[in-house]
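First up is the structure itself, then whatever we jot down about it.
Protein chains: 2
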Amino acid sequence: MAVVSIASRRAGQRRAGSPRRRAPQIIAAAARVFAERGFHGASTQDIADVLGIRQASLYYYFASKEDALELVCLKGVEGFFEAAKAIAAGPGPASERLARLIQSHLAPLADRSDFVKVFLNERQHLPGESRRRIGKWSRGLERIFEDVIREGVRSAEFRHDLDTRLATLAILGMANATASWYRKEEVPIDRIAAEFVRLVRDGMVARVPARRRR
Amino acid sequence: MAVVSIASRRAGQRRAGSPRRRAPQIIAAAARVFAERGFHGASTQDIADVLGIRQASLYYYFASKEDALELVCLKGVEGFFEAAKAIAAGPGPASERLARLIQSHLAPLADRSDFVKVFLNERQHLPGESRRRIGKWSRGLERIFEDVIREGVRSAEFRHDLDTRLATLAILGMANATASWYRKEEVPIDRIAAEFVRLVRDGMVARVPARRRR
DNA sequence: CCTGTTGTCTATAGGTTCATAGATGGAATA
DNA sequence: TATTCCATCTATGAACCTATAGACAACAGG
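These protein sequences, in sequence, are chains U and Z. Going by the working numbering, the first residue of the first sequence is number 1, and it counts up by one from there. Going by the working numbering, the first residue of the second sequence is number 1001, and it counts up by one from there.
Written as structure tokens, this is what we have:
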């Protein structure tokens, strides 16, 4: 059913040139399959097919399918949170920090889109314990965004009547949705981020070229 | 596993007061379960549990699980497209029509959020034929939004340098993401829509109270 | 009161999927 | 060369899940 990767299909029977520990490739294959068909829609057989090994062999690398999902999700958010925290705490006006937050939030799509997609769409299927752990991370990120936006309101960079909660959810929604339509070959991710920044800062409406800050 | 609805659990064995054709309730139950656990994560048994009937009894109402998914998705988009088309073709400046488009795009969340969620997240699991049919609808909606935005650029209501494609995807992403966090009890949907409209039209940045159109 | 219709039930076949157990054979090491 | 480790294999159990078949009870209409 699934397409067998040419790279990893070694003709004969067993043994790759595997110089040991190819766990990363295993997880990448899981990410790809989960991203494509969803966690429950994908079978461990599908993952094995991508790698050109037997279904049972996967269990040398993870203890259960759910365990694999957690590994993928973790890789999907790795670094994410720390980067955001650093930016938020860093220098510059709120509006510039927000721009950098958006940039850094979208950046991983360029080289890890499968992992990010799985994190966004499938984390709900994690078993209780790890779901809560990962959900905590997610709410943390929301707070970072919202805090920066609030700072921007307090410093009068942003409109005083801005609903910071809704603005946060709007921005994250817009950014996260990108994962579902982004294709590496088309528009570069920086370009998308820049356009989003412009959109939420200045809006779509045309204006007189007037000076912008009071 | 799933919670058995009190309302529909008639104590004894069989027979409801069902005054005939409770198909709508069946589909609503499917929508709820699919929304909660995803199409593949949900079993027909789960749906039956919600209704308090036997798993096999469901097949009186639909021919297959995938068939049920299609019914749910259809109800999820029902009216959607026509409403949007009417608004786009209607009177008023582009910016006002865009506002109405956003309103009408979010409105169904108020009373059909399960159906909308399933449409957004699970339509990919529809079998080939119906997936294409429904995908066509989806692309049509994108076009309606983008056309209105383009008109706004041509009429100089919107910035001349606006990337209309990205703006469209950003707005739809923001709106669709709402389905994942919206709870009926909290902020009313009109309020959310209004705030989104304000955000994408005027942006977040504070400005001098100056006259707005050149 | 008989009959057809409707909605539900019981029972089950058949397929798929996750996961475990134990064998095997090449590579590395001694 | 002998031994140990690593990664994969074969084989299979057990659970689960969809879907079909056929029985049956309540009600409606004549």
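Glycine included, each C-beta is placed from N, C-alpha and C at the ideal position. Just so you know, these numbers come straight off a predicted model, no measurement behind them.
**Item:** Distance CB(Asp-114 (chain U))-CB(Arg-32 (chain U)) smaller than 8 Å
**Value:** Against a cut-off of 8 Å, the Cβ pair of Arg-32 (chain U) and Asp-114 (chain U) comes out as a contact.
**Prompt:** For Ile-1006 (chain Z), is the classification buried or exposed, using 16 other Cβ atoms within 10 angstroms of its Cβ as the cut-off for buried?
**Reply:** Interpretation of Ile-1006 (chain Z) is limited by its pLDDT of 28, a score under 50 that renders its predicted location unreliable; the figure taken from the coordinates is listed afterwards. Result: exposed.
**Prompt:** Which class does Phe-158 (chain U) belong to by DSSP, given the choice of helix, strand or coil?
**Reply:** In the three-state DSSP reduction, Phe-158 (chain U) falls in the strand class (E or B).
**Request:** Check the Cβ-Cβ distances between Ala-56 (chain U) and every residue of chain Z, and say whether any is below 8 Å.
**Result:** no
**Asked** Considering only residues of the same chain and omitting the five flanking positions on each side of Glu-218 (chain U), which have a CB-CB separation below 7 Å?
**Response** Absent from the structure is residue 218 (chain U), since the part of chain U shown begins at 1 and ends at 214.
**Prompt:** For the alpha helix (DSSP H) that Met-174 (chain U) lies in, which residues bound it at each end?
**Reply:** 164-181
**Request:** Check each candidate in Z:Asn-1176, Z:Pro-1108, Z:Pro-1091 and Z:Asp-1161 and name the one with the smallest Cα separation from Gly-1079 (chain Z).
**Result:** Z:Pro-1108
**Prompt:** In three-state DSSP terms, what is Val-1205 (chain Z)?
**Reply:** Under the three-state reduction of DSSP output, Val-1205 (chain Z) falls in the strand class.
**Request:** Give the interface partners of Trp-137 (chain U) over in chain Z, defined as CB-CB distance under 9 Å, in chain order.
**Result:** Residues of chain Z passing the Cβ test: none, with the nearest at roughly 16 Å.
**Item:** Other residues of its chain near Phe-145 (chain U): CB distance less than 7 Å, five sequence neighbours each side excluded
**Value:** Leu-101, Thr-168, Ile-171 and Leu-172
**Message:** According to DSSP, is Val-1033 (chain Z) part of a helix, a strand, or is it coil?
**Reply:** When secondary structure is reduced to three states using DSSP, Val-1033 (chain Z) falls in the helix class.
**Request:** Grab the span of the alpha helix (DSSP H) containing Leu-58 (chain U) for me, first residue to last.
**Result:** Counting along the chain, Leu-58 (chain U) falls outside any alpha helix (DSSP H), and DSSP gives it neither H nor E.
**Item:** CB contact check: Thr-178 (chain U) to chain Z, cutoff 8 Å
**Value:** yes
**Item:** Straight-line gap, Val-205 (chain U) to Ala-42 (chain U) (C-alpha atoms, nearest Å)
**Value:** 45 Å
**Asked** Starting from Phe-115 (chain U) and walking both ways along the alpha helix (DSSP H), at which residues does that stretch end?
**Response** It spans 109-122 - the alpha helix (DSSP H) in which Phe-115 (chain U) sits, taken as one unbroken run.
**Asked** Comparing the C-beta of Ser-43 (chain U) with each C-beta of chain Z, is any distance below 8 Å?
**Response** no
**Asked** So is Ala-1031 (chain Z) in contact with chain U if we call contact Cβ pairs under 8 Å?
**Response** no
**Message:** Please classify Asp-49 (chain U) as buried or exposed, where buried requires at least 16 neighbouring CB atoms within 10 angstroms.
**Reply:** buried
**Item:** Between the CA atoms of Gln-1103 (chain Z) and Val-1200 (chain Z) - distance to the nearest angstrom
**Value:** Put simply, the backbone Cα of Val-1200 (chain Z) is about 13 Å away from that of Gln-1103 (chain Z).
**Prompt:** For Ala-193 (chain U), which residues of its own chain have a beta-carbon under 6 Å away from its beta-carbon, when the five flanking residues on both sides are left out?
**Reply:** Ile-102, Gln-103 and Leu-106
**Message:** Is the separation between the beta-carbon of His-40 (chain U) and that of Gly-1038 (chain Z) shorter than 8 Å?
**Reply:** yes
**Request:** Using three-state DSSP, classify Gln-1013 (chain Z) as helix, strand or coil.
**Result:** With a pLDDT of 35 at Gln-1013 (chain Z), under the threshold of 50, the modelled position of this residue cannot be trusted, and the question is left open.
**Prompt:** Name the chain U residues that come within less than 8 Å of Asp-1163 (chain Z), Cβ to Cβ?
**Reply:** Glu-195
**Prompt:** Excluding sequence positions up to five away, which residues of its chain have a Cβ less than 8 Å from the Cβ of Arg-1159 (chain Z)?
**Reply:** Val-1153
**Prompt:** Within the 8 Å Cβ cut-off, does Ala-1068 (chain Z) reach chain U?
**Reply:** No, its Cβ sits nowhere closer than 8 Å to a Cβ of chain U.
**Asked** Are the stretch 1069-1089 of chain Z and the stretch 1128-1139 of chain Z in contact at 8 Å, needing three or more beta carbon pairs?
**Response** With the cut-off at 8 Å, the stretch 1069-1089 of chain Z and the stretch 1128-1139 of chain Z touch.
**Item:** Complete runs of the beta strand (DSSP E) confined to the stretch 1069-1114 of chain Z [at least 3 residues]
**Value:** none
**Item:** Leu-1141 (chain Z) at chain U interface by Cβ criterion, 8 Å
**Value:** Not closer than 8 Å to any Cβ of chain U, the Cβ of Leu-1141 (chain Z) fails to qualify, so no.
**Asked** In terms of residue numbering, what span does the alpha helix (DSSP H) encompassing Val-1187 (chain Z) cover?
**Response** Unbroken run through Val-1187 (chain Z): none, as it is neither H nor E.
**Between the CA atoms of Leu-58 (chain U) and Phe-1196 (chain Z) - distance to the nearest angstrom** = 46 Å
**Request:** Go ahead and pull the three-state DSSP assignment for Leu-199 (chain U).
**Result:** helix
**Prompt:** In chain order, what residues of the same chain lie with their CB nearer than 6 Å to the CB of Asp-190 (chain U), ignoring the 5 residues before and after it?
**Reply:** none
**Request:** In angstroms with no decimal places, state the Cα-to-Cα distance between Ala-1179 (chain Z) and Val-1116 (chain Z).
**Result:** 7 Å
**Request:** Leaving out five residues on either side along the sequence, give the residues of the same chain with a beta carbon under 8 Å from the beta carbon of Val-118 (chain U).
**Result:** Ala-31, Phe-34, Ala-35, Phe-39, Leu-69, Val-72, Cys-73 and Gly-76
**Prompt:** On the three-state DSSP scale, how would you describe His-1125 (chain Z)?
**Reply:** helix
**Request:** Using a threshold of 8 Å, state whether the C-beta atoms of Ala-1029 (chain Z) and Leu-1051 (chain Z) are closer than that.
**Result:** yes
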